[in-house]
Amino acid sequence: MPQAKLCSASSVTLRMQTRELIALVLALTIAVVYGEPRFLLHTRRIQDNPQQIEPEVEALVRSSFYAADPVVLSFPRWGGNISSPEIPAVVSAQLQRMDSNVISLDLTKANNETEIIESVANLVNLLHSNLDVPLDRIQLVGFAEGAHLAGGVAAQVQRELGHQLPQITALDPTSGEDLEHKLSQTDAQFVEVVHTNAGGVGTWKQLGHVDYYPNGGQTQPGCSSDSCSHERSFQLLAEMWSPENDFVSALCGSVESLGAASCRWSTHKMGQSEGSGIYFLETTQSSPFARGAYYISFL
Numbered sequence: 025m026p027q028a029k030l031c032s033a034s035s036v037t038l039r040m041q042t043r044e045l046i047a048l049v050l051a052l053t054i055a056v057v058y059g060e061p062r063f064l065l066h067t068r069r070i071q072d073n074p075q076q077i078e079p080e081v082e083a084l085v086r087s088s089f090y091a092a093d094p095v096v097l098s099f100p101r102w103g104g105n106i107s108s109p110e111i112p113a114v115v116s117a118q119l120q121r122m123d124s125n126v127i128s129l130d131l132t133k134a135n136n137e138t139e140i141i142e143s144v145a146n147l148v149n150l151l152h153s154n155l156d157v158p159l160d161r162i163q164l165v166g167f168a169e170g171a172h173l174a175g176g177v178a179a180q181v182q183r184e185l186g187h188q189l190p191q192i193t194a195l196d197p198t199s200g201e202d203l204e205h206k207l208s209q210t211d212a213q214f215v216e217v218v219h220t221n222a223g224g225v226g227t228w229k230q231l232g233h234v235d236y237y238p239n240g241g242q243t244q245p246g247c248s249s250d251s252c253s254h255e256r257s258f259q260l261l262a263e264m265w266s267p268e269n270d271f272v273s274a275l276c277g278s279v280e281s282l283g284a285a286s287c288r289w290s291t292h293k294m295g296q297s298e299g300s301g302i303y304f305l306e307t308t309q310s311s312p313f314a315r316g317a318y319y320i321s322f323l
């Protein structure tokens, strides 16, 4: 009888170990298949040598992260990484503007929308709850599919913490047809969208409180391909965030009426964190892109 009990106990232990092994294999398989985004920290002190950071308090404390500075989270295109041109463009534009913690996502191994959104939302929660970073000091910037991912993160943070993030800057967002979350003006207190290749890689759809359509939003000066016009959106960012911003814009009644003749010129400039509506403006084909002075006589 004792021998039978011993065999029974051994069998139970073996089954438990087998289940645990299967669970471990499944977890590892999920991690390999889906992966998680990597986070790269840029500050003025380490602008050319970003640090990879883990979303943990101890790791952040040991890094160059400075909780008193504002935080910008930069979302690249789907599968984008440090080599994608939108990443250094956002970093350079923000660090020219002010001392900041710019955290860029590397999505090379991250191919699951839910996993990406949860991972970044957890980082935002950690910064706010453990490092006392106010939510109104956190801005999200997303290019292409990254604009929709940014919206998804902001929406999840709102559900979990009960407060909206202050601003999302969306740079030529795609239609997001393959993504569950689509960017909308309900995602943050202020959502601004810059459309530079609508109908190509980007979308015509009005997604924010303010939607800008430089040069009509479809083809940009000096560009002969969709990719060139698409990437022009983040090339405009440094001037949008500059104190010398001269992107004078005209308020339009609809996307169908975009144009210098049918829109009403104003003192509003692309990149101002206020206002609402659809705006048209013209740019040059290279930096400096703004043509604001050209339209002063029309105001």
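Residue numbering for the sequence shown follows this note's numbering, starting at 25 and increasing by one per position. Glycine is no exception: its CB is placed at the ideal position from the N, C-alpha and C atoms.
Buried or exposed for residue i, going by 16 or more other Cβ atoms inside 10 Å?
{"i": "A212", "result": "buried"}
{"i": "S310", "result": "exposed"}
{"i": "E201", "result": "exposed"}
{"i": "L52", "result": "A caution first: L52 carries a pLDDT of 37, below 50, which makes its placement in the model too unreliable to give a value."}
{"i": "V49", "result": "With a pLDDT of 37 at V49, under the threshold of 50, the modelled position of that residue is not reliable, and the figure given next carries that caveat. By the neighbour-count rule (16 or more Cβ atoms within 10 Å), V49 is not buried but exposed."}
{"i": "Q76", "result": "exposed"}
{"i": "K293", "result": "buried"}
{"i": "A92", "result": "exposed"}
{"i": "V157", "result": "buried"}
{"i": "H152", "result": "buried"}
{"i": "P61", "result": "buried"}
{"i": "I320", "result": "For I320, the predicted model reports a pLDDT of 44, less than 50, meaning its position is unreliable; a value from the coordinates is still stated below. Classification of I320: exposed, given that the 10 Å Cβ count is below 16."}
{"i": "Q120", "result": "exposed"}
{"i": "T138", "result": "exposed"}
{"i": "V85", "result": "exposed"}
{"i": "D160", "result": "exposed"}
{"i": "G170", "result": "buried"}
{"i": "S297", "result": "exposed"}
{"i": "E324", "result": "With the chain represented from 25 up to 323, any question about residue 324 goes unanswered, as that position is not in the structure."}
{"i": "H187", "result": "exposed"}
{"i": "M40", "result": "Any reading at M40 must be qualified, since the residue scores a pLDDT of 48, below 50, and its modelled position is unreliable; no value is offered."}
{"i": "E306", "result": "buried"}
{"i": "V57", "result": "Confidence is the limiting factor: at V57 the pLDDT is only 46, short of 50, which leaves the residue's position unreliable, though a coordinate-based value still follows. With fewer than 16 Cβ atoms within 10 Å of its Cβ, V57 is classed as exposed."}
{"i": "G103", "result": "exposed"}
{"i": "E268", "result": "exposed"}
{"i": "E110", "result": "buried"}
{"i": "V115", "result": "buried"}
{"i": "A178", "result": "buried"}
{"i": "T291", "result": "exposed"}
{"i": "T210", "result": "exposed"}
{"i": "S251", "result": "exposed"}
{"i": "S278", "result": "exposed"}
{"i": "P107", "result": "Per the sequence presented here, residue 107 reads as Ser, with Pro not at that position. When all chains shown are included, S107 counts as exposed."}
For residue i, write down the residues that DSSP places opposite it in a beta bridge.
{"i": "H66", "result": "V126"}
{"i": "V215", "result": "I192"}
{"i": "V96", "result": "V126, Q163"}
{"i": "R288", "result": "L275"}
{"i": "D235", "result": "V217, I302"}
{"i": "H76", "result": "In the sequence as displayed, the identity of residue 76 is Gln instead of His. According to DSSP, Q76 bridges with L64."}
{"i": "T307", "result": "A314"}
{"i": "G226", "result": "A222"}
{"i": "K293", "result": "V272"}
Examine the ligand ADP and report whether any of its heavy atoms sits within less than 7 angstroms of the Cβ of residue i.
{"i": "L260", "result": "As presented, the structure is devoid of all ligands, the ligand ADP included, so that no description of it is given."}
Based on Cα-Cα distance, which residue from the options lies nearest to residue i?
{"i": "E80", "options": "T198, V148, T243", "result": "V148"}
{"i": "E368", "options": "A179, P158, V234, A171", "result": "In the structure displayed, the chain extends from 25 to 323; residue 368 sits before or after that span and is not available."}
{"i": "N125", "options": "F304, Q71, S278, L173", "result": "Q71"}
{"i": "D123", "options": "R68, N269, G176", "result": "R68"}
{"i": "P197", "options": "A117, I140, A168", "result": "A168"}
{"i": "D174", "options": "W228, L155, L282, G232", "result": "The sequence shown places Ala at residue 174, not Asp. Of the listed residues, the one whose Cα sits closest to A174 is G232."}
{"i": "C276", "options": "S300, I111, Y90, V95", "result": "S300"}
{"i": "Q182", "options": "I141, E204, S199, L203", "result": "I141"}
{"i": "S88", "options": "I127, V114, G59", "result": "I127"}
{"i": "G59", "options": "L129, A274, P109, V114", "result": "L129"}
{"i": "E280", "options": "F304, K133, G295", "result": "F304"}
{"i": "H172", "options": "L155, E184, L203, N146", "result": "L203"}
{"i": "F271", "options": "R315, S290, I302", "result": "R315"}
{"i": "P312", "options": "V144, P74, P245, E110", "result": "P245"}
{"i": "Q180", "options": "K133, L207, A117", "result": "L207"}
{"i": "V95", "options": "Q230, Q118, V177, G226", "result": "Q118"}
{"i": "Y90", "options": "S251, L65, P109", "result": "L65"}
{"i": "T308", "options": "C247, I302, L282", "result": "C247"}
{"i": "Q230", "options": "E78, S251, L282, I106", "result": "L282"}
{"i": "G224", "options": "S249, A145, H205, F214", "result": "S249"}
{"i": "N136", "options": "G176, F214, A274", "result": "G176"}
{"i": "E184", "options": "F214, L155, L150, H205", "result": "L150"}
With three or more C-beta pairs closer than 8 angstroms as the rule, is the region 148–167 touching the region 189–206? yes
Secondary structure, alpha helix (DSSP H): runs of 4+ residues fully inside the region 123–203: 137–154, 169–185
Stretch-stretch touch, CB-based, cutoff 8 angstroms, three pairs: the region 98–105 with the region 237–245: no
Cβ contact check for the region 213–224 and the region 253–264: 3 or more pairs under 8 angstroms: yes
Kindly confirm or deny that the region 261–268 and the region 280–290 touch, where touching means at least three C-beta pairs closer than 8 angstroms. no
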